[in-house]
Structures are given as C-alpha cells and as structure tokens.
Amino acid sequence: MLKIIFLGSGGGRFNLIKQIRSSGGFLIWSDNLKISTDPGPGALSKLNELKIDPTSLDGLIITHNHIDHYLEAPLLIEAISNFALEKKGFLIASSSIVEGYDKEDKIISNYHLSKLEKIFVLKPNQSKTLNIKNKNFFIKAIPTNHEDPTGFGFVMEIENKKIACTSDTSLLPQTHFVEFANVDLLIANCLKPFNDNYPGHLSASDVIQLLKATKPKACILSHLGLRILTSNPALLASKIERETSTKTFAAADGYIYDFETQTFKKYVPKKRSKDSTNQTTLF
-9 MLKIIFLGSG
1 GGRFNLIKQI
11 RSSGGFLIWS
21 DNLKISTDPG
31 PGALSKLNEL
41 KIDPTSLDGL
51 IITHNHIDHY
61 LEAPLLIEAI
71 SNFALEKKGF
81 LIASSSIVEG
91 YDKEDKIISN
101 YHLSKLEKIF
111 VLKPNQSKTL
121 NIKNKNFFIK
131 AIPTNHEDPT
141 GFGFVMEIEN
151 KKIACTSDTS
161 LLPQTHFVEF
171 ANVDLLIANC
181 LKPFNDNYPG
191 HLSASDVIQL
201 LKATKPKACI
211 LSHLGLRILT
221 SNPALLASKI
231 ERETSTKTFA
241 AADGYIYDFE
251 TQTFKKYVPK
261 KRSKDSTNQT
271 TLF
C-alpha cells in the first residue's frame, strides 16, 4: 500500500495569507511509514480533520526555508515524539532548516531538534538510503532554482515505486529532465498558469515541457497559486494531460493518490480504533 494524501494544495504568498487552500504539504503513506512533506500552515488541522492521528507520523521532509513549507514542523515534531515526551522520529531537511546559512537563522529550534531520534541534512545532489522501522527507502535531493540556495526537490524510491517532487523551482532542463525521468508519480509545484518572468517557480508551460521530457506515469499539480485557484485547476490539468499524454491531476486538499489503482479522489477518513491520547498521561 503506497498512497499520497494532500494536506494542502495552495502555494504562493497570496494564498498563504488568504488560505483559499491549505498550505499543509502532503503525506507519503506506505505500509508502515507516514512521512509529512513540507508541513506549512494547515498540516496539523488537516491531519485531525482527516482522522489521521498526528502522533502516528514517523518523520518529516522539509525542502527549504520558506514559511509555507515549514511552519507547522515544530507542531508535528511534538506529535511524532509523543507530545514531546519521547525522542522519536526523523527529519530530512535542507541545511537552511537545521543549520541556517549566511545571515539566515536556522528554522527548527534546538528544543524541537532534540526531540527527534534521527536528523539528516541533505544537500542538492546528495542521496541517502534510510532504514526506518525496518523499511528501506532511498531519497536523492534534486537541485532547485529558488531563493533558498540549500533547498531541494527530491526523488524517493519506496515500495518499488519512484515518487518525485519538484519543490519550488524554476525549470532546470539539464537537471530536471534527467533526474525526474520515468518516475511513477511527479508532484509538480505549479504556481502559475503561464510564464510571467518571475523567477523561482514553475508555470503550466514549464510543466508541459517537463512532462514531455520525463514521461512520468502520472503527475499531480500542487502548490497552486492564486491565479490558478481562482480559475479552474482541473481544466488546466486536463489541458496539460492532452498536450503531454501524461495522466495529470490538480491537487485538492484532502485528496488521495493510490499508486495501485492510479486514482486520485477525496480521502474518506476511517474511525480511529483507539485515540492516542488515551496512551499518555495528560496534563
């Protein structure tokens, strides 16, 4: 079982403030691992809304130091570490998140870092094979062109599938056309419906170039900017699919992609068999 659940699908500073869509990133959910990726505003509330116990998460991936990608990471670290009472879980992050760079402060406090069992700083082009809860997965950090020079997209190999995420970046053909080739799912942070010469983000036309070159089995457009959200994201996805012959979906809050069926639909929460708060002395 490998699934992706979108805890948020909105992107850009205008949506960040207006919260037309949540900015909560997405959850990678395998047989026995749950990994929250880029947990911006709304990640925790969406987990609770979907009845996914935040304390059941195993780790976080944070691709760069912008607030819509990291804001709720400390909250989720407290959940992962059993209300900050244990040392548990892992973090995979850019160096800007854990160490800072130049005059930029690091993002995660020493207190919250101390609650994690494992911390992995990935730099662009670095890769690592991890064993978490007896589950192996491989992750490679892919270079981006964005304001954070330490940021990255990634390709993850897990359960015999390849998941790619562009993160926030302008198109880097020599890199992205190679690194994202032939993946099972490409999550493309598509902020704009067309190029406007504002650097650091993909437009729909960039995504079309990327899909034609890389030929993934499926693509989900996420981190959608205000101009896309106030028009018709599903129509844009259909246009991209027609032009590229790649199955393409527009992300929506609370939707789930199933790798086995290659379907994308609204996630139907299951009742929690046991509330995790019953396992811990409450203050």
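Per our numbering, the very first residue in the sequence shown carries number -9; after that it's consecutive.
Heads up, the beta-carbon is just placed ideally off N, CA and C, and yes, glycines get one too.
Since this is a predicted model, take the numbers as computed values, not measurements.
Open item on the list: Can you confirm whether the region 124 to 131 touches the region 156 to 165 when touching is taken to mean that 3 or more C-beta pairs between the two stretches lie within less than 8 Å?
Closed with: no
- [ ] Throw me the rounded Cβ distance for the S84 and T53 pair, which I believe falls under 8 Å.
- [x] 6 Å
Task: Residue range of the alpha helix (DSSP H) that includes S86 - done: 85 to 88
Open item on the list: Quick check: the Cα distance between K8 and D58, rounded to an integer number of angstroms?
Closed with: Roughly 12 Å between the two C-alpha positions.
TODO: Please confirm if the region 99 to 107 is in contact with the region 132 to 150, defined as three or more CB-CB distances below 8 Å between the two stretches.
DONE: No, the region 99 to 107 is not in contact with the region 132 to 150.
- [ ] Compute the Euclidean distance between the alpha carbons of I18 and K24, then round it to the nearest angstrom.
- [x] 6 Å
TODO: Report yes or no: do three or more beta-carbon pairs, one from the region 249 to 257 and one from the region 220 to 234, lie closer than 8 Å?
DONE: no
TODO: Assuming I246 and A194 form a contact by the criterion Cβ under 8 Å, report the distance between their Cβ atoms to the nearest whole angstrom.
DONE: In this structure I246 is not in contact with A194, their Cβ atoms being roughly 23 Å apart against a cut-off of 8 Å.
Task: Cα-Cα separation, G0 to H213 - done: 5 Å
TODO: Quick one: grab the DSSP three-state call for F73.
DONE: coil
TODO: Mind checking which residues open and close the beta strand (DSSP E) that includes I(-5)?
DONE: -7 to -4
- [ ] Could you tell me whether the region 108 to 121 touches the region 70 to 90, where touching means 3 or more Cβ pairs closer than 8 Å?
- [x] Touching, yes.
Task: Min CB distance Q164 to chain E below 8 Å - done: Of the protein chains in the structure, only one exists, and it is not chain E.
Task: Reduced DSSP category for T238 - H, G, I as helix; E, B as strand; rest coil - done: strand
TODO: Could you check if L75 is buried or exposed, using at least 16 other CB atoms within 10 Å of its CB as the buried criterion?
DONE: Classification for L75: exposed.
Task: Proximity winner among A241, K260, K205, relative to T234 (alpha-carbon distances) - done: Answer by Cα proximity: K205.
- [ ] Below 7 Å CB to CB, which residues in the same chain sit around A63 once its five sequence neighbours on both sides are set aside?
- [x] P29, L50, I52, I98
Task: Helix, strand or coil at P133 according to DSSP, with G and I counted as helix - done: Looking at P133 - three-state DSSP - the assignment turns out to be strand.
TODO: Please classify D43: does DSSP put it in a helix, a strand, or coil?
DONE: coil
Task: Distance between beta carbons of G244 and F(-4), contact taken as under 8 Å - done: Contact between F(-4) and G244 is confirmed by a C-beta separation of about 7 Å, below the 8 Å threshold.
TODO: Tell me, to the nearest whole angstrom, how far the beta carbon of D43 is from that of I122; I am working on the premise that it is less than 8 Å.
DONE: Rounded, the Cβ-Cβ distance is 18 Å, inconsistent with contact.
- [ ] Give me the Cα-Cα distance between K260 and K36, rounded to the nearest whole angstrom.
- [x] Distance between the alpha carbons of K260 and K36 is about 14 Å.
Open item on the list: So, at 8 Å on beta carbons, what are the nonlocal neighbours of T140 in its own chain, with the 5 sequence-adjacent residues on each side left out?
Closed with: H54, N55, S84, S85, S86, Y91, K113, P114
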